[in-house]
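Remarks on the structure that follows.
Residue numbers (the UniProt record's numbering): 1 to 271.
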């Protein structure tokens, strides 16, 4: 995709967008574009060109990244903005090489997730540390044994321990955000946010491939009424609980007292 040329003298930047093939492609591309445009302005740049690819896997021979390389060689940008390192794919060596070549051309790289990226740092880090950084940038939702979810629909922020399947995560979001529901925050067992919603729409997901190819199609079907919203499966010491099961009054009273005695267990959601 070619650049959108501007006539002012502000610092010029390009944005690179990539999504997996799914029914929500246009929405995801638009969302990435909006986020990166705002991020660029905050950093003092104007996005004058946008390149995009659709599809998963290594993308260094795809049309979008080829356009980025051509624009960089032609001196059309001072910075490149991406949503996260995962937009380049998951191959460590070609990613670092691509970033290094951009840096050598005087181009800064900004990630909305990881901040400014200096490829030279990868040279002095051990392969194990580099691998850890790449994995952090590509946090995979389905790799966790369970996820902890919070919903504004609850009177207090009771943690829901979710079974990790696309259908179950979509069901929790759909149940929590429909009607007069509020926003949702879903974290890893170590309390790192992986999914959040704002006004009923997902505004953050650490795993774009999972979001585009698995979660959004399922969630859209539930929210549009094409699929009945199933019961949410919650993990428990004795197995899996159905969130639509009638609550045990004695257990509910005990849980409420525990939260009252331990306010640190509650979580205020801020966006």
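Built from N, CA and C at the ideal position, the CB exists for glycine as well.
- With a 10 Å radius around the Cβ and a threshold of 16 neighbouring Cβ atoms, residue 208 comes out buried.
- Taking residue 116 as reference, the option from 147, 142, 82 with the minimal CA-CA separation is 82.
- Excluding its 5 nearest sequence neighbours in each direction, residue 149 has C-beta neighbours in its own chain below 6 Å: 160, 162, 172, 186, listed in chain order.
- Of 29, 147, 95, the smallest CA-CA separation from residue 203 is found for 29.
- For residue 177, the enclosing alpha helix (DSSP H) has its first and last residue at 166 to 177.
- Annotation for residue 68: no beta strand (DSSP E) segment contains it, though the alpha helix (DSSP H) segment containing it runs 63 to 73.
- Contact between the stretch 63 to 81 and the stretch 94 to 112 is present, with at least three C-beta pairs closer than 8 Å.
- Contact between residue 229 and residue 235 fails: their C-beta atoms lie close to 19 Å from each other, not under 8 Å.
- Counting C-beta atoms within 10 angstroms of its own C-beta, residue 74 has fewer than 16 neighbours from the protein chains shown and is therefore classed as exposed.
- In this structure, the CA atom of residue 10 is about 11 Å from the CA atom of residue 40.
- DSSP places residue 95 within a helical segment (H, G or I) once states are collapsed to three.
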